[in-house]
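A.B. asks: Residue numbers (this note's numbering): 126 to 701.
Below, the structure is given as structure tokens:
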């Protein structure tokens, strides 16, 4: 009957019956329900007298003190509540199971801090700093108490190295800013000073530097760890790959150099040397094109070819050597000969053959052999019909026609490619089609478009200064042209490739301001957000750009990725 009253919200009637159960039948299983009924019906005086009676009957009961403290709090007698809870902390039982039960009662009362204090005080009483770890972690995580959560994980790692992976998973779900990671970093340094032999602290510190994108600091710790534990290079090689995947090529190069210097007896000697060359090549593609470095890199690829010959296994070196010759050392004949030789190497896969024919077609474009280029592209398009590489070949053919000024043919090809299942190519084809159709209405527009096409040909040849000069001159010769937005995107792409992000940002912002009449605003927003996120470390502006893209361009091909980045920056838990 008491339960029926309680479930129907008639707490006064429920309390009357529950009082008989608790005091006459003396069934303690209903104590919590009894006091819940009293407090829900605001019968504070009855509750106060009842709990004092129970305490007199069982003065050793910590549970009754928790109830008394709750009563005082709900009555508004905060000072009495504090005294009661202090008394509770000083009279804890010495039994772990009872401590857990008591803390659980407090947790159910939403007394989270007090529940944590119970566990911490019990640690002292029991002289064991490692018990109740999981309970405290759960409370601190729920409360998003970053400082205490971090400290508790460090406490756990002092004896439980298996907790490292959990720490690396949980902390990012609570940490929100760089300051949070710096707090953890400072705590880690203190722990390492006290316990330098604990590898878990060093591993977590390395992880923390990776979260902060402080790759050089991470490498410094990794090298120290490698020497300390006399590792064979496995850990460092794995992290070097992480550096490279995050485009921290300078740090990756330092890591691979360290591994290569271990000597030929090291299991990572050859993999590190090859990865070192590849990281240098990738850094070059990002715009770090010091001529001496390029010559050195080309010589390193040549050493691989001299030592191991030109075959299917060294194809990667031959292709990249040819790329360096063509686009950076300006020796197109060497590049052309190398690729013509490469496509005849026996044992190479069809995919490699198709990619090399595309590369050779590009070289023919550079050596003013457009018909040879089109032949290569058409071969690939035919051999890889309905495959991404075949679609790419058709797009490059359309682009070549555009650069030659054959706008009508280029547009007809682009219009076909707009329906491609390869979204990036379909988007590029759409942009090419719009570029042509929007700028053929007058003779002035057509002449301006020819200059723009010529600038694209210069940029394709890696003549970036000349390309920018060409597009900048369009407005002088044809002041009423309609290519302003296309020129802004063209120049910003060159600056981004050369890592001149400060120059690219205002151009992208200007483009975004033209969103009502331009075709590039959604892409410009996505690119600008990426620069803020990855290059300028301005997460606030990155979120603004991603959010604007999602809100203003719901049909954009960039929306799905924008949502992922926005949620990540907002601190949402990673999707499983």
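C-beta atoms are modelled at their ideal positions from N, C-alpha and C, and glycine is treated no differently.
None of the values given here were measured: they were computed from a predicted structure.
Identify the continuous alpha helix (DSSP H) that holds residue 266 and give its terminal residues.
C.D. replies: Per DSSP, residue 266 belongs to the alpha helix (DSSP H) from 258-268.
A.B. asks: Should residue 446 go down as buried or exposed, given a rule of 16 or more other Cβ atoms within 10 Å for buried?
C.D. replies: By the neighbour-count rule (16 or more Cβ atoms within 10 Å), residue 446 is buried.
A.B. asks: Within a Cβ cutoff of 7 Å, which residues of the same chain sit near residue 702, ignoring the five residues on either side of it in sequence?
C.D. replies: Limits of the chain in this structure are 126 at one end and 701 at the other, which puts residue 702 out of reach.
A.B. asks: Using CA atoms only, rank isn't needed, just tell me which of 383, 427, 377 is closest to residue 405.
C.D. replies: That would be 377, whose Cα lies nearest to the Cα of residue 405.
A.B. asks: Could you spell out the range, first to last residue, of the alpha helix (DSSP H) harbouring residue 159?
C.D. replies: Its alpha helix (DSSP H) spans residues 156-165.
A.B. asks: Between the alpha carbons of residue 342 and residue 355, how many angstroms are there, rounded?
C.D. replies: Going by the C-alpha atoms only, they are around 20 Å apart.
A.B. asks: Go to residue 567, then tell me how far its alpha helix (DSSP H) extends in each direction, as first and last residue.
C.D. replies: No alpha helix (DSSP H) holds residue 567; DSSP gives it neither H nor E.
A.B. asks: Please tell me whether residue 539 and residue 557 are closer than 8 Å, where the distance is taken between their beta carbons.
C.D. replies: In this structure, residue 557 lies closer than 8 Å to residue 539 by Cβ.
A.B. asks: In whole angstroms, what is the alpha-carbon distance linking residue 432 and residue 494?
C.D. replies: In a straight line, the C-alpha of residue 432 is about 33 Å away from that of residue 494.
A.B. asks: Tell me whether residue 327 sits in a helix, a strand or coil according to DSSP, three-state version.
C.D. replies: Three-state DSSP puts residue 327 in a helix.
A.B. asks: Is it buried or exposed for residue 501, if we count other Cβ within 10 angstroms and need 16 for buried?
C.D. replies: Result: buried.
A.B. asks: Nearest CA to the CA of residue 672: which residue from 388, 659, 691?
C.D. replies: Out of 388, 659, 691, 691 has the C-alpha closest to the C-alpha of residue 672.
A.B. asks: Which same chain residues, not among the five before or five after residue 270, have their C-beta less than 7 Å away from its C-beta?
C.D. replies: Excluding sequence neighbours, residue 270 sits near nothing in its chain.
A.B. asks: Could you tell me which of 372, 363, 373, 357 sits nearest to residue 392, measuring between CA atoms?
C.D. replies: Answer by Cα proximity: 357.
A.B. asks: In chain order, what residues of the same chain lie with their CB nearer than 7 Å to the CB of residue 212, ignoring the 5 residues before and after it?
C.D. replies: Hits under 7 Å: 190.
A.B. asks: Hey, could you find the ends of the alpha helix (DSSP H) residue 421 is sitting in?
C.D. replies: Its alpha helix (DSSP H) spans residues 416-433.
A.B. asks: Comparing the C-beta of residue 170 with each C-beta of chain C, is any distance below 8 Å?
C.D. replies: Of the protein chains in this structure there is only one, and it is not chain C.
A.B. asks: Ignore the nearest five residues each way along the sequence and tell me which others in residue 328's own chain have a CB closer than 7 Å to its CB.
C.D. replies: Within the same chain, residue 328 has close Cβ partners 289.
A.B. asks: From the DSSP output, in three-state form, read off residue 388 for me.
C.D. replies: The answer is coil: DSSP assigns residue 388 none of H, G, I, E or B.
A.B. asks: Would you list, in sequence order, the uninterrupted beta strand (DSSP E) runs of no fewer than 3 residues that lie entirely inside the stretch 247-322?
C.D. replies: Listed in chain order, there is nothing to give.
A.B. asks: Residue 589 lies in the alpha helix (DSSP H); which residues open and close that run?
C.D. replies: Element bounds for residue 589: 589-602.
A.B. asks: Note down the Cα distance separating residue 517 from residue 675, rounded to an integer number of angstroms.
C.D. replies: Rounded to the nearest angstrom, the two C-alpha atoms are 28 Å apart.
A.B. asks: Going by beta-carbon coordinates alone, are residue 154 and residue 143 separated by less than 8 Å?
C.D. replies: No; because the gap between Cβ atoms is not below 8 Å, this pair is not in contact.
A.B. asks: Ignoring anything shorter than 4 residues or poking outside the stretch 641-689, list the alpha helix (DSSP H) runs there in chain order.
C.D. replies: Those alpha helix (DSSP H) runs which fall completely within the stretch 641-689 and span 4+ residues are 646-655, 664-677.
A.B. asks: In whole angstroms, give me the CA-to-CA distance for residue 544 and residue 477.
C.D. replies: Near 26 Å, if we compare the C-alpha coordinates of residue 477 and residue 544.
A.B. asks: Check each candidate in 659, 594, 560 and name the one with the smallest Cα separation from residue 606.
C.D. replies: The residue with the shortest Cα to Cα distance from residue 606 is 560.
A.B. asks: Apply the 10 Å Cβ neighbour rule to residue 318 and answer buried if 16 or more other Cβ atoms are within range, or exposed otherwise.
C.D. replies: Answer is exposed; the Cβ neighbour count stays below 16.
A.B. asks: Let's test the definition: count the other Cβ atoms within 10 Å of the Cβ of residue 534 and tell me whether it reaches 16, buried, or not, exposed.
C.D. replies: When all chains shown are included, residue 534 counts as exposed.
A.B. asks: If you draw a straight line from the C-alpha of residue 282 to the C-alpha of residue 255, how long is it?
C.D. replies: Spanning the two alpha carbons is a distance of roughly 10 Å.
A.B. asks: In chain order, what residues of the same chain lie with their CB nearer than 7 Å to the CB of residue 630, ignoring the 5 residues before and after it?
C.D. replies: Within the same chain, residue 630 has close Cβ partners 653, 656.
A.B. asks: Hey, could you find the ends of the alpha helix (DSSP H) residue 502 is sitting in?
C.D. replies: Run containing residue 502: 495-508, per the alpha helix (DSSP H) assignment.
A.B. asks: Can you list, in chain order, the residues of its chain whose CB lies under 7 Å from that of residue 572, leaving out five sequence neighbours each side?
C.D. replies: So the qualifying residues of the chain are 603.
A.B. asks: With a 10 Å radius around its C-beta and 16 neighbouring C-beta atoms as the bar for buried, classify residue 359 as buried or exposed.
C.D. replies: Per the 10 Å Cβ criterion, exposed.
A.B. asks: Would you mind giving the Cβ-Cβ distance between residue 681 and residue 659, rounded to the nearest angstrom? I have them listed as a contact below 8 Å.
C.D. replies: The Cβ separation is near 20 Å, so there is no contact.
A.B. asks: Look at the alpha carbon of residue 216 and the alpha carbon of residue 180, and state the distance between them as a whole number of angstroms.
C.D. replies: In a straight line, the C-alpha of residue 216 is about 13 Å away from that of residue 180.
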